[in-house]
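There are 2 protein chains.
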Amino acid sequence: MEKQLKELKSHLMEAYDLGRAGAVLGWDEMTYMPPGGAAARARQSALLARLTHEKSIDPAIGKLLDELRPYEESLPYDSDNASLIRVTRREYERAIKVPPQFMAELYEHISKSYNAWVTARPENNYKALEPLLERTVDLCRQLADFFPGYEHCADPLIDFNDYGMKATTLRSLFAHLRRELIPIVQAITSQPPADDACLKLHYPKADQLDFSMEVVKQLGYDLNRGRQDLTHHPFTTSFSLGDVRITTRVNEDFLGDCLFSSIHEAGHAMYEQGIRMEFEGTPLAGGTSAGVHESQSRTWENLVGRSRSFWEFFYPKLQAKFPDQLKGISLDTFYQAVNKVQRSLIRTEADEVTYNLHIMIRFDIELALLEGNLLVRDLPEYWHVRYNADMGMRAPDDRDGVMQDVHWFGGLVGGSFQGYTLGNIIGAQFFTHALAAHPEIPNEMSQGKFETLHKWLIDNVYQHGSKFTATELIEKVTGGPLSIEPYLTYLRSKYGELYKL
Amino acid sequence: MEKQLKELKSHLMEAYDLGRAGAVLGWDEMTYMPPGGAAARARQSALLARLTHEKSIDPAIGKLLDELRPYEESLPYDSDNASLIRVTRREYERAIKVPPQFMAELYEHISKSYNAWVTARPENNYKALEPLLERTVDLCRQLADFFPGYEHCADPLIDFNDYGMKATTLRSLFAHLRRELIPIVQAITSQPPADDACLKLHYPKADQLDFSMEVVKQLGYDLNRGRQDLTHHPFTTSFSLGDVRITTRVNEDFLGDCLFSSIHEAGHAMYEQGIRMEFEGTPLAGGTSAGVHESQSRTWENLVGRSRSFWEFFYPKLQAKFPDQLKGISLDTFYQAVNKVQRSLIRTEADEVTYNLHIMIRFDIELALLEGNLLVRDLPEYWHVRYNADMGMRAPDDRDGVMQDVHWFGGLVGGSFQGYTLGNIIGAQFFTHALAAHPEIPNEMSQGKFETLHKWLIDNVYQHGSKFTATELIEKVTGGPLSIEPYLTYLRSKYGELYKL
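So the sequences go chain by chain: A and B.
Mapped onto my numbering, the consecutive letters of the first sequence carry residue numbers 5 to 505.
Mapped onto my numbering, the consecutive letters of the second sequence carry residue numbers 5 to 505.
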């Protein structure tokens, strides 16, 4: 079986390399590409997507997988080789259902749509995006239809990112979480609001970038295998296990945007950097699901980056970097400012407590768009109505309304958002177990030491890449299924203390 | 024939797009890639090179070219379609001689070798590069051997970059030029040297970059379809006719490096940006030869950027940017400084007169390495001996000796350098004709207006892309063959005045 396995790996490596070459083109498009490059880039991305897909569905892979079945069955389930064959088969069987030409069309459309969003958002011009978004919804429905037998049209799309999850499961999980969150939000927002004026001063771009780099380096993001660049909407991308890059953006009049975006993306990147190098070039060389990926970005951003321990170490450094802006602002005031809970309009700036309400709005909208119960042309107004109902606020325009997030304009409608809330839930589950194993972690963090936590996450989560499904991994790490309790316990404890509930 | 032509274009577009995707990977490797990305990038570049080559030699292209022959013969030679078919056939017939697997090996090796050079050069560690360069020479000989019947082993390699040129032709051309240049160099260097102390002060990086951007924009480099980034060894790269990028580097203790590199690369880029958009995605969408390409980089760098007219406009702006460094330095002194002629060690910093002597050294070495008359292990010492003979100087180390140029370490040995000297020659031929047609050009330049020259170059040279060979283009523009006379006339006139010969 040595020969077949080697042959399989060589096929997989080519698909991987073509996909990652496509990622380089995507990264460049979103960081450095001049406007004139857009048309050809859409074509080139589409071509690479098609070729990657063609490689992934090469019948030779199917044949090798068949030949390797007895070998796979002779191995322990969690051995590297059994896992490689199993995960490859799962992805192969999914991939062969989608024609390469469709993938090319989809990617070409996405690239066009993304570039239109870059221009249209600052101009508050939703009309320019409307036909593009209509086509995206249409393409997403077509994509779902390659997987007949679904319960909800979004299910196949959700399954791409969070394997095994369904719209109905998520609807009931989110409803449950919502019932628990609303009283917490109400209790907090009936208190006087925290004073976050210190975050809203002028913080020069270069200094913000410097500080964010200093922080992510200290957390453990390896710059020998990564780098940070500027973009419109921060993301992480991996070109290989040796090159996992993050992006950020800077608002000079708000300190939180760049720093927490950088930490968030560094969380994603540390997950990818922690994968075992032996998995390079295979389907195991990536995070296992959107939910587990977000669990790590949200862990580093919030459970670490918005903790008191973290700021005990970093606040004096931040004050030294911005002495004028932070003169006379105590650690307590600053800690309360970065944890201010409030109903708000912008997802990426939302606090830990209300964040999921933003996600639920988007999740419901995705399902309604796919069902046809909401039309693309009615979306901006529906957005405002829904924000008014859930948050008691209305955005002044579509720029900070429906156009604020890149997802639907630079990717798919359906399956794009549930991962964030799953991430909040899973992140708290894992973090609770890390703290139980190493109660010294908070104290270490207050001294700028993050190795114990980082190493625990590598050992228990990161190293496995996609070897286990999210469900398997959660079972393996916590001994039980997905549960919202650790997350709620965390929120009640932290915000109970902060807001003296 | 409409159908076949459309089909041909669609094949060519895929090869083009794969090649340009590979260029994006190469650009990233040389500008932003962290060290950890090198191994996978070598593999990915090799894969794209192989796939590009496979697409280029698709037998379907050969079949279409056969079917299109009667159509081609029915069209005027210089019609777009006849030219497309003719140039495609020439490239196809060359490409089918090289196996795709060889191309993949070559590119993988080049990527490894480039990354080794990035590390080894600052460490002055030629030993680390020796085995890699030996393999490069070996691969270049193998590449030449796919084209049996050559007169000199370098001929097929020269032909890649300067179609129709041969080692013997170049040897005699260079010998002729050398005979004319040496007395000029001797006459100048027997004068007191120009005072270039003003260039060797501290010029902060950010200000140098700002100024270089201001200059290239003014010259006509379109930033809507381009951008400038930092690298180790400046280059221009094209991802499409809508995205042609330049790179530069900064020496904070020498003003000339960044500025003249930027202008040089902008010259290459303006050539590519000037190609007719209808040629996008075809073999016509690129400069026609290394020599013609260098003619344009050298024209903008030297004939324009080192002219008195140019500095009449830009010197006051430069002084405003660097008031401390240039206080009390007259335009005359500055103009003499940027045109200081001296025997020197570094090619990229050499003046217009001695520049070709650097090229001739490299050209001779390339031939000797390929012939086997010079061994890679003897190269560093031979370099010193040769510089001593030709320049009367010996580099203090290999860093500024044989390792100074990226070409042999990030590309081929053979055919890499003749283009620069051909460029100096051709550039002067074209420029002389532009001046004859528009005697107002120097006066316009002194007012910061470069449109007349730029437009003449677009109309007469750039727009054609690769439609005509270098020989055809020179004939078309000048009415005669390649000639060193305009170049010598230019040098004698400019330097005669500068050094009062």
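For glycine and all other residues, C-beta sits at the position ideal for the given N, C-alpha and C.
Check	Outcome
Neighbour list for L185(B) in chain A, Cβ cutoff strictly below 8 Å	Within 8 Å Cβ-Cβ: nothing; L185(B) doesn't reach chain A, min ~40 Å.
Span separating the alpha-carbon of H206(B) from that of L439(A)	53 Å
Runs of beta strand (DSSP E) lying entirely within the segment 195 to 251 of chain A, each at least 3 residues, in chain order	232 to 234 and 240 to 244
R54(A) versus Y36(A), E76(A), R73(A) and G23(A), residue with shortest Cα-Cα distance	G23(A)
Chain-order list of residues whose beta-carbon lies under 7 Å from that of T436(A) (same chain, five-residue window excluded)	P490
Residue interval of the alpha helix (DSSP H) (run including E370(B))	Y359 to E375
Short CB-CB distance (under 8 Å) between L51(A) and chain B	yes
is_contact[A520(A), chain B] using C-beta, thresh 8 Å	The question about residue 520(A) has no answer, for chain A in this structure spans 5 to 505.
contact_flag[the segment 294 to 302 of chain B, the segment 419 to 428 of chain B] where n(CB pairs < 8 Å) is 3 or more	yes
Between the CA atoms of A393(A) and E276(B) - distance to the nearest angstrom	55 Å
Residue-level contact to chain B via CB, R253(A), 8 Å cutoff	no
Proximity of L373(A) and V417(A) at Cβ, strictly below 8 Å	yes
Three-state secondary structure (DSSP) of A158(B)	coil
Residue-level contact to chain A via CB, A43(B), 8 Å cutoff	yes
Segment limits, alpha helix (DSSP H) that includes G295(A)	A294 to R302
Simplified DSSP assignment, three categories, for T456(A)	helix
Cβ contact (3+ pairs, closer than 8 Å) linking the segment 440 to 453 of chain B and the segment 141 to 152 of chain B	no
Stretch-stretch touch, CB-based, cutoff 8 Å, three pairs: the segment 229 to 243 of chain B with the segment 187 to 205 of chain B	no
Closer than 8 Å to chain A by CB, M107(B)	no
Sequence-distant residues of the same chain with beta carbon closer than 6 Å to V410(B), five excluded per side	H237
Residues, ordered as in the chain, of the segment 5 to 25 of chain B that lie near chain A by beta-carbon distance below 8 Å	M17, E18, D21, L22, R24 and A25
8 Å Cβ cutoff met for I333(A) and Q467(A)	no
Delimiting residues of the alpha helix (DSSP H) encompassing P485(A)	From DSSP, P485(A) is part of no alpha helix (DSSP H); its letter is neither H nor E.
Alpha carbon of S311(A) to alpha carbon of A50(A), nearest angstrom	43 Å
When D163(A), N129(A), K101(A) and K453(A) are compared against R381(A), the one with the closest alpha-carbon	N129(A)
Terminal residues of the alpha helix (DSSP H) in which K67(B) lies	P63 to S78
Residue span of the alpha helix (DSSP H) that contains E112(B), given as start and end	P104 to A124
Short Cβ contact (8 Å threshold) for S87(A) with K459(A)	no
Residue-level contact to chain A via CB, S228(B), 8 Å cutoff	Here the sequence assigns Asn to residue 228(B), which means Ser is not the residue at that position. So yes, N228(B) belongs to the interface.
Chain-order list of residues whose beta-carbon lies under 7 Å from that of A270(A) (same chain, five-residue window excluded)	V220, L223, Y225, I250 and W304
Proximity below 8 Å, CB of H272(A) to CB of S301(A)	yes
First and last residue of the uninterrupted alpha helix (DSSP H) at Q451(B)	Note, Q451(B): premise wrong, no alpha helix (DSSP H); not H, not E.
Neighbouring residues, chain B, relative to S244(A) (Cβ below 7 Å)	G41 and A44
Beta-carbon proximity list for G66(B), same chain, < 8 Å, skipping 5 on both sides	Y96 and I100
CA-to-CA distance, A108(B) to R347(A), given in whole angstroms	56 Å
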